[in-house]
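Novice: Dropping a structure here in structure tokens format, bear with me for questions.
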Amino acid sequence: MAPTSILLGVLLFLRDVHGLTGKRGIAYNNNNPSKDAVYANLFKGDNKVSWGYDWGYPSWNLDSSFEFVPMLWGLPNGPDPDWTAAVQTSGTLNILGFNEPDLTYDASSNIVPEKAAAGYLTYIQPFAGTVRIGSPSVLWNNVGSSSGGAYNTATWTQYFLGNCTGCHLDFAAIHYYQDCVTPEGQNGAVWFEGNVTDAHDVLGLPIWITEFECYGNEEQQIAFLEHALPWLDSQDYVERYAYFGAFPEYLINADGTALSDLGNTYANI
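Here the sequence shown stands for residues -19 to -1, 1 to 250, where the numbers follow mature numbering (1 follows the signal peptide of the UniProt record, and there is no 0).
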């Protein structure tokens, strides 16, 4: 991973944490028969989930008991009044930008660092001081993919920060995907915790894990969460996190009518 010195020459203002509810959140979309936040809203009630995001900026009628966090997923073609309106909506306290620009697959925004920095300065930085701004969401356990060049995640982040002179970042957003069980038979949470710690050590910012998941069956994922969630809650520098995701056969049952056993574990442990 790149050393802490990658931040030299980049102006990062840290402000007091304000307006934050609980740490635990949900990633969701409107890909369901009702075309709204129906799966996310199954988390409404007496549990630890307090915020949500949907990789965009319509909230799809997310229940008002949750804080909605808008995201500018990728580079727009030009100024978008809907993005401006979402950021300026009453109750918006935090915003996210560029989803996995360090990766090249179809579901990533795949932006070279120089263009990502220019996009941040144009479309995100104007809101500094009115909302809290997150960094691009990068896959922090990624070591080999590229984005328009031979950039692993650490190198991509270094180049982004080097080009985003004057950027105001309040927190760093990262993703993590790896096996639930290590080859040695350990709980994969030990890998996860090491990656989160490394991100904080390198970036020197509060951390949001806006996507994370371990690969395994439901029993293995529950064991992972039973280890990882108390650890996340005990780390002062971890502001927020969202396990993947509010979808049937993930945190929602196969019928889409209630939380799965995994979802209940995530909501309540």
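The C-beta atom is built at its ideal place from N, Cα and C for all residues, glycine as well.
Just mark E230 as buried or exposed, buried being the case when its beta carbon has 16 or more other beta carbons within 10 Å.
Specialist: Result: exposed.
Novice: Buried or exposed: where does D151 fall if 16 or more other Cβ atoms within 10 Å of its Cβ makes it buried?
Specialist: Per the 10 Å Cβ criterion, buried.
Novice: Could you give the DSSP three-state label for V30: helix, strand or coil?
Specialist: V30 falls in the strand class under three-state DSSP.
Novice: Mapping DSSP to helix, strand and coil, what is E95?
Specialist: Helix.
Novice: From the DSSP output, in three-state form, read off N13 for me.
Specialist: It is coil, neither helix nor strand.
Novice: Rounded to whole angstroms, what's the CA-CA distance from G37 to A154? Just pull it up for me.
Specialist: If I take the Cα positions, the gap works out to 15 Å.
Novice: I need the straight-line Cα distance from L213 to W172, nearest angstrom please.
Specialist: Cα to Cα, the separation comes out at about 13 Å.
Novice: Which residue's Cα is closest to the Cα of Y158: T191, V219, A98 and E220?
Specialist: When each option's Cα is compared against that of Y158, the closest is T191.
Novice: For S15 versus G55, is the C-beta spacing smaller than 9 Å?
Specialist: Their beta carbons are not under 9 Å apart, which means S15 does not touch G55 by this criterion.
Novice: Tell me the residue span of the alpha helix (DSSP H) that contains E199.
Specialist: First-last of the alpha helix (DSSP H) with E199: E199 to S215.
Novice: Run the CB neighbour count on T163, radius 10 Å, all protein chains shown included, and call it buried at 16 or more, exposed below.
Specialist: Flag for T163 reads exposed.
Novice: Please confirm whether T134 and D83 have their CB atoms less than 9 Å apart.
Specialist: The answer is yes: Cβ separation under 9 Å.
Novice: Output needed for G110: all residues of its chain with C-beta closer than 8 Å, excluding positions within five of it in sequence on either side, in chain order.
Specialist: Around G110: H149.
Novice: Answer with buried or exposed for N198, where buried requires no fewer than 16 other C-beta atoms within 10 angstroms of its C-beta.
Specialist: Exposed: under 16 other Cβ atoms inside 10 Å.
Novice: When you compare only the Cα positions, how much space is there between N249 and T85?
Specialist: Their Cα atoms are separated by approximately 35 Å.
Novice: Relative to the C-alpha of G226, which candidate in G33, S46, L1 and I7 has its C-alpha closest?
Specialist: When only C-alpha atoms are compared, the closest one is I7.
Novice: Taking the continuous beta strand (DSSP E) assigned at N80, which residues delimit it?
Specialist: Unbroken beta strand (DSSP E) run through N80: N75 to N80.
Novice: Where does D27 land, buried or exposed, given buried means 16+ other C-beta within 10 angstroms?
Specialist: Label assigned to D27: exposed.
Novice: Is it the case that the Cβ atoms of L53 and L74 are separated by a distance below 9 Å?
Specialist: For L53 and L74, no; Cβs fall outside 9 Å.
Novice: Note down the Cα distance separating I114 from P211, rounded to an integer number of angstroms.
Specialist: The straight-line gap from Cα to Cα measures roughly 26 Å.
Novice: Does P107 pass the burial test, meaning 16 or more other C-beta atoms within 10 Å, or should it be called exposed?
Specialist: P107 comes out exposed.
Novice: Within 10 angstroms of the Cβ of Y34, are there 16 or more other Cβ atoms? Answer buried if so, exposed if not.
Specialist: So Y34 ends up on the buried side.
Novice: CA-CA distance, L240 and Y9?
Specialist: Answer to the nearest angstrom: the Cα atoms are 13 Å apart.
Novice: For a test of the three-state rule: what should DSSP assign to Q167, helix, strand or coil?
Specialist: Note: Q167 maps to coil in three-state DSSP.
Novice: CB K4 to CB E207, shorter than 9 Å?
Specialist: Not a contact, by the Cβ cut-off of 9 Å.
Novice: Return the chain-ordered list of same chain residues with a C-beta closer than 6 Å to the C-beta of A209, the five sequence neighbours on each side being excluded.
Specialist: A170 and F173, listed in sequence order.
Novice: So, with DSSP's three-state summary, where would you put G6?
Specialist: It is a strand residue.
Novice: For the beta strand (DSSP E) containing V119, list its first residue and its last residue.
Specialist: That run of the beta strand (DSSP E) goes R113 to L120.
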